[in-house]
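In my numbering, the protein residues as written are 3 to 212. The beta-carbon is built from N, C-alpha and C at its ideal position, and this holds for glycine as well.
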């Protein structure tokens, strides 16, 4: 087995057994262990993802995968070709005031080492941070309008790469369904469709089909 596959297997085994955060609700949720040049970073799994054993498995995921399908990859193809990570890998629990609890800074720090290991292993050419919490790990963000719809050069965990921020596809958010968010999302998807890393995995998929 190639060394990178061995390292990925060892990483995933350790990640699946993580129990650093007592208030987090397991299981650990991760995408396919694909050695991809594109890294998607979500915020944290919701209450349904643990049961399905994969990120973005519920309504927000349905919305997000429709975005990607429009530019060349359906859900199955995306999951097979893009490494899907998150700021935190366990469900944070519900917020008494509604919605999911936002992970604490300590919980984010606890999970940062797993993301560091994945960046070291994958050396991604492109990162897709989804939602303000994820975007904020890569760049300052006060308003989504300031960062979405652009290609950003970033240095993340010591690795120089590029990022295309995306809004969180939550049904609770209207940002991506109303102007100016709608237009900025379209700009982001156009930039993504034209990015060499995206075009490469789309070409690989067509080769596999052929």
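Cα-Cα separation, residue i to residue j
i           : j           : result
residue 209 : residue 82  : 14 Å
residue 33  : residue 17  : 12 Å
residue 11  : residue 4   : 11 Å
residue 115 : residue 20  : 11 Å
residue 204 : residue 71  : 11 Å
residue 85  : residue 195 : 17 Å
residue 75  : residue 98  : 37 Å
residue 108 : residue 212 : 47 Å
residue 110 : residue 139 : 10 Å
Within 8 Å, strictly: CB atoms of residue i and residue j
i           : j           : result
residue 167 : residue 177 : no
residue 136 : residue 89  : yes
residue 126 : residue 40  : yes
residue 112 : residue 22  : yes
residue 6   : residue 123 : yes
residue 43  : residue 131 : yes
Contact set for residue i: own chain, Cβ-Cβ below 7 Å, skip 5 residues either direction
i           : result
residue 118 : 159
residue 174 : 101
residue 73  : 191, 194 and 195
Sequence-distant residues of the same chain with beta carbon closer than 8 Å to residue i, five excluded per side
i           : result
residue 63  : 57, 77 and 171
residue 102 : 46, 48, 49, 93, 94, 95 and 96
residue 51  : 31, 57, 58, 59, 60 and 93
residue 190 : 150, 151, 152, 166, 167 and 168
residue 187 : 69, 150, 151, 168, 169 and 178
residue 182 : 147
Boundaries (first-last residue) of the beta strand (DSSP E) holding residue i
i           : result
residue 87  : 85-88
residue 158 : 154-158
residue 165 : 161-165
residue 130 : 128-131
Residue interval of the alpha helix (DSSP H) (run including residue i)
i           : result
residue 121 : 107-124
residue 42  : Not the alpha helix (DSSP H): residue 42 falls in the beta strand (DSSP E), residues 40-44.
residue 204 : 198-211
residue 61  : 61-72
residue 10  : 5-18
residue 147 : 146-149
residue 134 : 134-140
Buried or exposed by the 16-neighbour rule on C-beta atoms within 10 Å, applied to residue i
i           : result
residue 91  : buried
residue 37  : exposed
residue 129 : buried
residue 155 : exposed
residue 53  : exposed
residue 134 : buried
residue 120 : buried
residue 180 : exposed
residue 163 : buried
residue 185 : exposed
residue 201 : exposed
residue 8   : exposed
Close-in-space but distant-in-sequence residues of the same chain around residue i (CB under 6 Å, 5 per side omitted)
i          : result
residue 79 : 207
residue 24 : none
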